[in-house]
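Asks:
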Amino acid sequence: MIRYLKTFVTAAETASFSAAGARLGLTQSAVSAQIQRLEDDLGVQLFERTGRAVTLSDDGRRLLVQAQTVIAGYQAMRGDTAAFGGQAALAPIHVGAILTVQLGLLPGAVRRWTALGAMPHLNIVPGMSVQLLAQLDAKELDLAVMIRPRIGVPADMKWLTLMNEPYVAIAPKGMRGEVADWASTLPFVRYNRRSYGGDLVDRYLRRHRLWVREGVELDEPEVILRMVRAGLGWSIVPATLIGLPVEAKAATGKSSRAGGTAGVHGVRILPLTGAPLTRELGVLVRQSALKRAAVDTLMKCLANEAAARI
Numbered sequence: 001m002i003r004y005l006k007t008f009v010t011a012a013e014t015a016s017f018s019a020a021g022a023r024l025g026l027t028q029s030a031v032s033a034q035i036q037r038l039e040d041d042l043g044v045q046l047f048e049r050t051g052r053a054v055t056l057s058d059d060g061r062r063l064l065v066q067a068q069t070v071i072a073g074y075q076a077m078r079g080d081t082a083a084f085g086g087q088a089a090l091a092p093i094h095v096g097a098i099l100t101v102q103l104g105l106l107p108g109a110v111r112r113w114t115a116l117g118a119m120p121h122l123n124i125v126p127g128m129s130v131q132l133l134a135q136l137d138a139k140e141l142d143l144a145v146m147i148r149p150r151i152g153v154p155a156d157m158k159w160l161t162l163m164n165e166p167y168v169a170i171a172p173k174g175m176r177g178e179v180a181d182w183a184s185t186l187p188f189v190r191y192n193r194r195s196y197g198g199d200l201v202d203r204y205l206r207r208h209r210l211w212v213r214e215g216v217e218l219d220e221p222e223v224i225l226r227m228v229r230a231g232l233g234w235s236i237v238p239a240t241l242i243g244l245p246v247e248a249k250a251a252t253g254k255s256s257r258a259g260g261t262a263g264v265h266g267v268r269i270l271p272l273t274g275a276p277l278t279r280e281l282g283v284l285v286r287q288s289a290l291k292r293a294a295v296d297t298l299m300k301c302l303a304n305e306a307a308a309r310i
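Each residue of the sequence shown is one higher than the one before, starting from 1 at the first, in UniProt numbering.
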């Protein structure tokens with residue numbers, strides 16, 4: 001049945017039984033017979049047939065990715081990922097990504113990637129960096145766009161830095177004073193301490209002896225920005241991927257009386273004092289996944305998109 005699945009995938013790629021036969025060394029009638037046998041076995045119609053032209057049916061589109069995955073798994077069992085014209089390369093790529101990457105970096109990177117031509121299906125899996133690392137360890141993901149692990153890079157994986165994203169302090173629009181004033185008067189909307197990015201904030205607060213009034217604690221900087229904009233407190237968040245300027249005058253060209261920026265972002269923004277606070281964003285990829293050309297190309301597209309934002 002693997003042979004019939006290969007024929008199905010090739011016919012789907014070429015949209016022609018005769019072209020599929022030419023690629024596979026089969027006659028058109030042999031391709032048609034194999035597709036018919038597969039349809040009978042699965043109990044669905046895989047193609048709509050109009051004269052010599054064929055197009056995938058709704059069931060065919062639904063089952064195509066599963067067929068590619070089965071073929072890739074079979075080739076991997078044989079230790080022959082290059083066989084059948086690279087069909088293993090067409091298997092879905094499972095990509096983990098933190099939410100700010102999904103919102104701020106991934107759309108542009110995927111647009112660059114798909115513009116290069118036919119590419120495998122992407123399965124995007126959300127999560128905090130610590131969760132994505134666990135899924136990589138469990139081989140549930142091929143790569144993850146995340147914050148660099150504190151524990152270092154596992155030996156069977158590779159790390160590619162995309163950007164060092166700076167943090168800024170934010171407070172509700174119209175808030176006066178400096179960060180120390182905010183800490184004494186407003187609740188702190190905290191970036192989750194169990195996350196890699198939130199741990200950096202917690203260390204900054206302790207290093208600068210900023211004692212905060214605990215308020216809400218949550219995982220995602222984009223949601224924290226909305227909380228602060230709604231007047232629920234102040235926070236320290238990574239700026240670039242949620243669209244906040246790092247320099248105090250970057251957004252509006254003018255600052256408030258006490259310094260900082262407000263306006264179109266709906267919050268007051270101040271740079272942090274002391275040594276720059278940044279989180280290192282990058283791609284953590286399993287070494288085995290790097291053997292796939294499509295994975296390598298995706299990483300290059302991510303790097304190019306990140307460079308355009310720095």
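C-beta atoms are modelled at their ideal positions from N, C-alpha and C, and glycine is treated no differently. Being a predicted model, the structure only gives us computed values, none of them experimental.
#1: Need the endpoints of the alpha helix (DSSP H) that Thr14 sits in, please.
#2: List the residues that DSSP assigns as beta-bridge partners of Phe17.
#3: Any idea which residues DSSP pairs Trp234 with across the strands?
#4: Can you give me the Cβ contacts of Pro149 inside the same chain, cut-off strictly under 6 angstroms, excluding the 5 residues immediately before and after it?
#5: Assess contact between the stretch 187-205 and the stretch 219-237, defined as three or more Cβ pairs (one per stretch) separated by less than 8 angstroms. Is contact present?
#6: Any idea which residues DSSP pairs Trp159 with across the strands?
#7: I need the DSSP call for Val130, collapsed to helix, strand or coil.
#8: Would you list the one or two residues that DSSP bridges to Tyr167?
#9: Could you give the C-beta distance for Ile93 and Asp142, rounded to a whole number, given that I count them as a contact under 8 angstroms?
#10: Report yes if the C-beta distance between Leu46 and Gly25 is below 9 angstroms; otherwise report no.
#11: With distances taken from CA atoms, which of Leu244, Met163 and Glu222 is nearest Leu281?
#12: For Val228 and Pro172, which I take to be in contact (beta-carbon distance under 8 angstroms), what is that distance rounded to the nearest angstrom?
#13: Counting along the chain, where does the beta strand (DSSP E) carrying Leu270 start and finish?
#14: By Cβ distance below 7 angstroms, which residues in the same chain neighbour Ile224 in space, the five residues on each side in sequence not counted?
#15: Please report the distance separating the alpha-carbon of Glu220 from that of Val31.
#16: Buried or exposed, going by whether 16 or more other CB atoms sit within 10 Å of the CB of Val283?
#17: Alpha carbon to alpha carbon, what distance is there between Glu13 and Ala308?
#18: Quick check: the Cα distance between Thr55 and Leu64, rounded to an integer number of angstroms?
#19: If you run the structure through DSSP and keep just helix, strand and coil, what is Val54?
#20: Suppose you measure from the CA of Ser29 to the CA of Arg112; what does that come to, to the nearest Å?
#21: Between the C-alpha atoms of Gln287 and Asp296, what's the straight-line distance to the nearest angstrom?
#22: With a CB to CB cut of under 6 angstroms and the five nearest residues on each side skipped, what residues in its chain are close to Val153?
#23: Can you list, in chain order, the residues of its chain whose CB lies under 6 angstroms from that of Leu277, leaving out five sequence neighbours each side?
#24: Could you please give me the residues that DSSP links to Leu200 through a beta bridge?
#25: Got a sec, what are the start and stop residues for the alpha helix (DSSP H) Gly104 sits in?
#26: From this set, Asn123, Ser16 and Val44, which residue's C-alpha is nearest Arg52's C-alpha?
Replies: Answer, in terms of the structure:
#1: Residue 14 sits at position 14 when you count from the first residue of the sequence shown. Ile2 to Thr14 is the extent of the alpha helix (DSSP H) around Thr14.
#2: Residue mapping note: residue 17 aligns to position 17 of the sequence shown, counting from 1. Paired residue(s): none; Phe17 is not in a bridge.
#3: Walking along the sequence shown from the start, residue 234 turns up at place 234. Phe188.
#4: Indexing the sequence shown from 1 puts residue 149 at position 149. Only Leu133 meet the Cβ criterion.
#5: yes
#6: Reading the sequence shown from its first residue, position 159 is the one you call residue 159. Answer is Leu284, bridged to Trp159.
#7: Here residue 130 refers to the residue found at position 130 of the sequence shown. Helix, per DSSP.
#8: By one-based count along the sequence shown, residue 167 stands at place 167. The partner list for Tyr167 (beta bridge, DSSP) reads Pro238.
#9: Within the sequence shown, residue 93 is the residue found at index 93, counting from 1. Within the sequence shown, residue 142 is the residue found at index 142, counting from 1. Contact flag correct, Cβ pair sits at about 5 angstroms.
#10: Here residue 46 refers to the residue found at position 46 of the sequence shown. Here residue 25 refers to the residue found at position 25 of the sequence shown. For Leu46 and Gly25, no; Cβs fall outside 9 angstroms.
#11: To locate residue 281, count along the sequence shown from 1; it is residue 281. For the residues Leu244, Met163 and Glu222, the minimum Cα distance to Leu281 belongs to Met163.
#12: The count along the sequence shown starts at 1 and reaches residue 228 at position 228. The count along the sequence shown starts at 1 and reaches residue 172 at position 172. Confirmed, about 6 angstroms.
#13: Counted from its first residue, the sequence shown places residue 270 at position 270. Leu270 -> beta strand (DSSP E) spans Val267 to Pro271.
#14: For the purposes of this step, residue 224 is identified with residue 224 of the sequence shown, where counting begins at 1. Contacts found: Val189, Tyr191, Leu218, Ser235 and Val237.
#15: Taking the sequence shown and counting its residues from 1, one reaches residue 220 at position 220. Taking the sequence shown and counting its residues from 1, one reaches residue 31 at position 31. Roughly 51 angstroms between the two C-alpha positions.
#16: Indexing the sequence shown from 1 puts residue 283 at position 283. Val283 is buried by the Cβ-count criterion.
#17: Residue mapping note: residue 308 aligns to position 308 of the sequence shown, counting from 1. Residue mapping note: residue 13 aligns to position 13 of the sequence shown, counting from 1. If I take the Cα positions, the gap works out to 33 angstroms.
#18: Residue numbering aside, residue 55 sits at position 55 when the sequence shown is read from its first letter. Residue numbering aside, residue 64 sits at position 64 when the sequence shown is read from its first letter. Cα-Cα distance, rounded: 12 angstroms.
#19: Numbered from 1 along the sequence shown, position 54 holds the residue referred to as residue 54. Note: Val54 maps to strand in three-state DSSP.
#20: Taking the sequence shown and counting its residues from 1, the one referred to as residue 29 is at position 29. Taking the sequence shown and counting its residues from 1, the one referred to as residue 112 is at position 112. Taking the straight line from one Cα to the other gives about 39 angstroms.
#21: Within the sequence shown, the letter at position 287 stands for residue 287. Within the sequence shown, the letter at position 296 stands for residue 296. The straight-line gap from Cα to Cα measures roughly 11 angstroms.
#22: Mapped onto the sequence shown, residue 153 falls at position 153. Excluding positions up to five away in sequence, the list reads Trp159.
#23: Translated into positions along the sequence shown, residue 277 becomes position 277. So the qualifying residues of the chain are Tyr167 and Tyr204.
#24: Translated into the one-based positions of the sequence shown, residue 200 becomes position 200. Leu200 is not bridged to any residue.
#25: In the sequence shown, the residue the question calls residue 104 occupies position 104. From DSSP, the alpha helix (DSSP H) with Gly104 extends over Leu99 to Gly104.
#26: Your numbering for residue 52 matches position 52 in the sequence shown. The residue with the shortest Cα to Cα distance from Arg52 is Ser16.
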